[in-house]
């Protein structure tokens with residue numbers, strides 16, 4: 046094996062090792078996510094709710110009747126948002142509240158004025174919930 050080939054192989058091996066170590070360090074640093082804020086913004090055609098977390102959480106969402114509400118359970122997440130409910134005047138949302146539902150599960154409840162459609166997407170700051178302003182036509 047030539048000296049040049051050995052040098053190239055050594056650099057490639059070192060580069061692979063550094064990438065593996067940096068990934069392992071990131072995994073070791075990541076712990077439970079933390080829910081830090083909920084921000085509501087009204088748009089002409091709908092309402093956007095941003096649930097800000099320290100990392101993208103695994104979540105479950107359920108739309109419940111009587112009263113209508115969207116319940117989000119954020120797995121492996123600690124609750125660090127407000128202790129009182131947030132009144133909202135953007136139809137179809139009435140208010141938003143949250144709590145540490147149980148150890149390792151933060152809960153956000155979006156209380157609605159009526160049954161509403163929604164879509165949830167993940168982004169770098171947590172979750173984004175989109176809700177149309179108008180009720181769906183039957």
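In this note's numbering, the protein residues as written are 46 to 183. Even for Gly, the Cβ is constructed at its ideal location relative to N, Cα and C. Keep in mind it's a predicted model, so treat the numbers as computed, not measured.
What distance in whole Å lies between the Cβ atoms of residue 85 and residue 133, which are believed to be in contact at a cut-off of 8 Å? Position 88 of the chain shown, counted from the first residue, corresponds to residue 133. Position 40 of the chain shown, counted from the first residue, corresponds to residue 85. At roughly 5 Å, the Cβ-Cβ gap stays under 8 Å, so residue 133 and residue 85 are in contact.
Measure the Cβ-Cβ separation of residue 115 and residue 175 and say whether it is below 8 Å. Within the chain shown, the letter at position 70 stands for residue 115. Within the chain shown, the letter at position 130 stands for residue 175. No. Outside cutoff.
Which word fits residue 89, buried or exposed, when buried means at least 16 other C-beta atoms lie within 10 angstroms of its C-beta? Start at 1 with the first residue of the chain shown, and residue 89 comes out as number 44. Residue environment for residue 89: exposed (fewer than 16 other C-beta atoms within 10 angstroms of its C-beta).
Please name the residue or residues paired with residue 118 in a DSSP beta bridge. Along the chain shown, one-based indexing puts residue 118 at 73. In the DSSP output, where bridge partners are listed per residue, residue 118 has 105 and 152.
If you check the beta carbons only, do residue 121 and residue 97 fall under 8 Å apart? As a working mapping, residue 121 is identified with position 76 in the chain shown. As a working mapping, residue 97 is identified with position 52 in the chain shown. No, the pair does not count as a contact, with Cβ atoms beyond the cut-off.
Three-state secondary structure assigned by DSSP to residue 179: Your numbering for residue 179 matches position 134 in the chain shown. DSSP places residue 179 in coil when its eight states are reduced to three.
Would you list the one or two residues that DSSP bridges to residue 96? As a working mapping, residue 96 is identified with position 51 in the chain shown. Paired residue(s): 83 and 172.
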